[in-house]
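Asks: I am attaching a structure below and will ask some questions about it afterwards.
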Amino acid sequence: MIEPLYRADDNRYENGMQYTRAGRSGILLPRVSLGMWHNFGEVDPLQRSKEIIHYAFDHGVTSFDLANNYGPGYGTAEETFGYVFNKSLRPYRDELFIASKAGYDMWPGPYGNWGSRKYLFASLDQSLRRMGLEYVDVFYSHRYDLETPLEETLQALVDIVRRGKALYAGISRWPLEATRFALQYLSERDVPCLLFQDRYNILDRHVIESGVLETIAEGGCGFVSFSPLAQGLLTNKYLNGIPENSRAARGGHLKAEQITPELIATIRSLNTLALERGETLAQMALSWVLADKRVTSVIVGASSVAQLADSLKSVEAPGFSDDELELIEKYCNL
Ligand code: NDP
């Protein structure tokens, strides 16, 4: 069968998406970005992956978050994205903001992990080949490496940008002191850190407690929150236990034993509040993160177009009253 040609929705920028500047940069990012950690690997149906990516772009999601190791298997999310990009999105390259990262285990031997210059350069070249891109928009150090000098990792990011392999540099999940150092190092070399990624959601606020979010904001760097739905916990998915065909049932990073009766009680209370506000729990959870002015974008995952459609509506969600914010704290025992 000949596949119909994709043509992006002419109204993609009038479909409700809003854009915010990343820190003190010139880059506007959509409030909701699409992440490909799960659901876009070689084990997932290509047709579904394609539909989710197209739906995202048709609704103003210009920002796509990848990493070398996303799949499973490693590299296959970038291959999937590359397939879709080359089939349908290539004419829109200048409307896309594509991220990749390196920092976790990727290939065997001493040069396929952590933060060395050799690993970061080789990995980015591999990512570009998999996706069929000439450059990525932002390239992140995916994690802090205690054993590699920070200067080596950061200088690699600077040189990657200077060589045009990435337009901007970012870091992900770095601890506070190393983050301070990174912001200064990069800015002194005229490659200011564009984005910092970490987990931030109603149930996990460690970036506030550690002071990293404040530091990022003061440093003029944008913040993108990953797992803003706590991997699906902050949706209507687990209200009655663990459904088949969920991330928790599949095992992996979200463990069934994490989903305790107390947690389900919290989620149910939050869900009731969301319904009273006239929205789904996913929408409330995302708009709660987005209400923090330091947050540039939330990166959501989705295993269906319907999930993404639900999440995208968060952009239009009403603000929170003080009473609602207090209730959220109470339900989370904070
Ligand atoms: P989320 O918290 O958005 O969880 C996504 C999962 O939640 C989906 O796979 C789906 O689960 C479920 N879900 C999503 N929307 C809905 C909905 N509306 N209703 C019901 N269920 C829903 O984010 P992720 O944990 O996937 O992380 C998002 C992205 O952040 C990643 O893809 C990646 O790009 C980035 N990331 C970065 C990291 C880093 O170290 N820098 C680490 C982790 C993530 P199900 O599949 O069960 O249907």
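Going by the numbering used here, the first residue of the sequence shown is number 122, and it counts up by one from there.
Glycine is no exception: its CB is placed at the ideal position from the N, C-alpha and C atoms.
Can you check which of these residues, Lys171, Lys208, Arg214, is closest to alanine 423 by C-alpha distance?
Replies: Taking the sequence shown and counting its residues from 1, the one referred to as residue 423 is at position 302. Ranking the options by Cα distance to alanine 423, first place goes to Lys171.
Asks: Are the segment 254-271 and the segment 229-245 in contact at 8 Å, needing three or more beta carbon pairs?
Replies: yes
Asks: Could you give the uninterrupted runs of the beta strand (DSSP E) lying entirely in the segment 235-286, keeping only those of 3 residues or more?
Replies: 257-262
Asks: Can you tell me the Cβ-Cβ gap for leucine 316 and glycine 343, rounded? I've got them flagged as a contact below 8 Å.
Replies: The residue labelled residue 316 in the question sits at position 195 within the sequence shown. The residue labelled residue 343 in the question sits at position 222 within the sequence shown. With a Cβ gap of about 5 Å, leucine 316 and glycine 343 count as contacting.
Asks: Quick check: the segment 300-319 against the segment 391-404, are at least 3 beta-carbon pairs closer than 8 Å?
Replies: no
Asks: Would alanine 287 be called buried (16 or more neighbouring beta carbons within 10 Å of its own) or exposed?
Replies: Numbered from 1 along the sequence shown, position 166 holds the residue referred to as residue 287. Answer is buried; the Cβ neighbour count reaches 16.
Asks: So is the beta-carbon of histidine 327 under 7 Å away from any non-hydrogen atom of the ligand NDP?
Replies: As a working mapping, residue 327 is identified with position 206 in the sequence shown. Histidine 327 Cβ: outside cutoff for every heavy atom of the ligand NDP.
Asks: Would you grab the beta carbon distance between serine 154 and valine 345 for me? Rounded to a whole angstrom, and I think it's under 8 Å.
Replies: Within the sequence shown, residue 154 is the residue found at index 33, counting from 1. Within the sequence shown, residue 345 is the residue found at index 224, counting from 1. Yes, they are in contact, since the Cβ atoms of serine 154 and valine 345 sit about 7 Å apart, within 8 Å.
Asks: Under the assumption that threonine 401 contacts aspartate 431 (Cβ atoms under 8 Å), give the Cβ distance between them as a whole number of angstroms.
Replies: Along the sequence shown, one-based indexing puts residue 401 at 280. Along the sequence shown, one-based indexing puts residue 431 at 310. Confirmed, Cβ separation roughly 6 Å.
Asks: Any heavy atom of the ligand NDP closer than 7 Å to the beta-carbon of proline 349?
Replies: Within the sequence shown, residue 349 is the residue found at index 228, counting from 1. Flag set: Cβ of proline 349 near the ligand NDP.
Asks: Report the partner residues of serine 221 according to the DSSP bridge assignment.
Replies: Taking the first residue of the sequence shown as position 1, residue 221 is located at position 100. DSSP output for serine 221 lists Phe260 as bridge partner(s).
Asks: Can you round the beta-carbon distance between glycine 291 and valine 259 to whole angstroms, since I take them to be within the 8 Å contact cut?
Replies: Stepping through the sequence shown from its first residue, residue 291 is reached at position 170. Stepping through the sequence shown from its first residue, residue 259 is reached at position 138. 5 Å between Cβ atoms; contact.
Asks: Keeping to the same chain, check which residues put their C-beta closer than 6 Å to that of phenylalanine 242; ignore five residues upstream and five downstream.
Replies: What you label residue 242 is simply residue 121 of the sequence shown in a count that begins at 1. There are no such residues.
Asks: Tell me whether tryptophan 158, by its Cβ, gets closer than 7 Å to a heavy atom of the ligand NDP.
Replies: Counting from 1 along the sequence shown, the entry for residue 158 is found at position 37. The answer is yes for tryptophan 158.
Asks: Could you check if glycine 181 belongs to the surroundings of the ligand NDP, using beta carbon to heavy atom distance under 7 Å?
Replies: Translated into positions along the sequence shown, residue 181 becomes position 60. No; taking the cut-off as 7 Å, the Cβ of glycine 181 has no heavy atom of the ligand NDP nearer than that.
Asks: Flag this pair as touching only if the segment 176-186 and the segment 123-140 have three or more C-beta atom pairs under 8 Å; answer yes or no.
Replies: yes
Asks: Rounded to the nearest angstrom, what separates leucine 275 and glycine 353 at their Cα positions?
Replies: Numbered from its first residue, the sequence shown carries residue 275 at position 154. Numbered from its first residue, the sequence shown carries residue 353 at position 232. Answer to the nearest angstrom: the Cα atoms are 33 Å apart.
Asks: Since serine 432 is in the alpha helix (DSSP H), which residue starts that stretch and which ends it?
Replies: The sequence position of residue 432 within the sequence shown is 311, counting from 1. Residues 426-433.
Asks: Measuring CB to CB, does alanine 412 end up less than 8 Å from leucine 350?
Replies: Here residue 412 refers to the residue found at position 291 when the sequence shown is read from its first residue. Here residue 350 refers to the residue found at position 229 when the sequence shown is read from its first residue. For alanine 412 and leucine 350, no; Cβs fall outside 8 Å.
Asks: Taking the alpha-carbon positions, what's the leucine 278 to alanine 303 distance?
Replies: On the sequence shown, position 157 is the one that residue 278 refers to. On the sequence shown, position 182 is the one that residue 303 refers to. So the two alpha carbons sit approximately 10 Å from each other.
Asks: Using a Cβ-Cβ cutoff of less than 6 Å, which residues in the same chain neighbour glutamate 199 once the five nearest sequence positions on both sides are dropped?
Replies: For the purposes of this step, residue 199 is identified with residue 78 of the sequence shown, where counting begins at 1. The residues are Leu187, Ser248, Arg251, Met252.
Asks: Over the uninterrupted beta strand (DSSP E) stretch that includes arginine 320, give me the two end residues.
Replies: Numbered from 1 along the sequence shown, position 199 holds the residue referred to as residue 320. Taken as a continuous stretch (DSSP letters only), the beta strand (DSSP E) holding arginine 320 covers 314-320.
Asks: Between arginine 145 and the rest of its own chain, which residues show a CB-CB distance below 6 Å, the 5 nearest in sequence each way excluded?
Replies: Reading the sequence shown from its first residue, position 24 is the one you call residue 145. Gly341, listed in sequence order.
Asks: If contacts are defined as beta-carbon pairs under 8 Å, then methionine 227 and tyrosine 191 qualify, I think. What distance do you get, rounded to the angstrom?
Replies: In the sequence shown, the residue the question calls residue 227 occupies position 106. In the sequence shown, the residue the question calls residue 191 occupies position 70. Not a contact, Cβ separation roughly 11 Å.
Asks: Using a Cβ-based criterion (distance less than 7 Å to any ligand heavy atom), does glutamine 379 qualify as near the ligand NAD?
Replies: The ligand NAD is not part of the structure shown, which contains the ligand NDP as its ligands.
Asks: For the candidate residues Tyr265, Ser244, Ser418, whose alpha-carbon lies nearest to that of isoleucine 281?
Replies: Within the sequence shown, the letter at position 160 stands for residue 281. Per the Cα distances, Ser244.
Asks: For the alpha helix (DSSP H) holding glycine 203, just list the boundary residues, first then last.
Replies: If you number the sequence shown from 1, residue 203 lands on position 82. Here the alpha helix (DSSP H) through glycine 203 covers 197-205.
Asks: Any heavy atom of the ligand NDP closer than 7 Å to the beta-carbon of asparagine 454?
Replies: Within the sequence shown, the letter at position 333 stands for residue 454. Not so, every heavy atom of the ligand NDP lies at least 7 Å from the Cβ.
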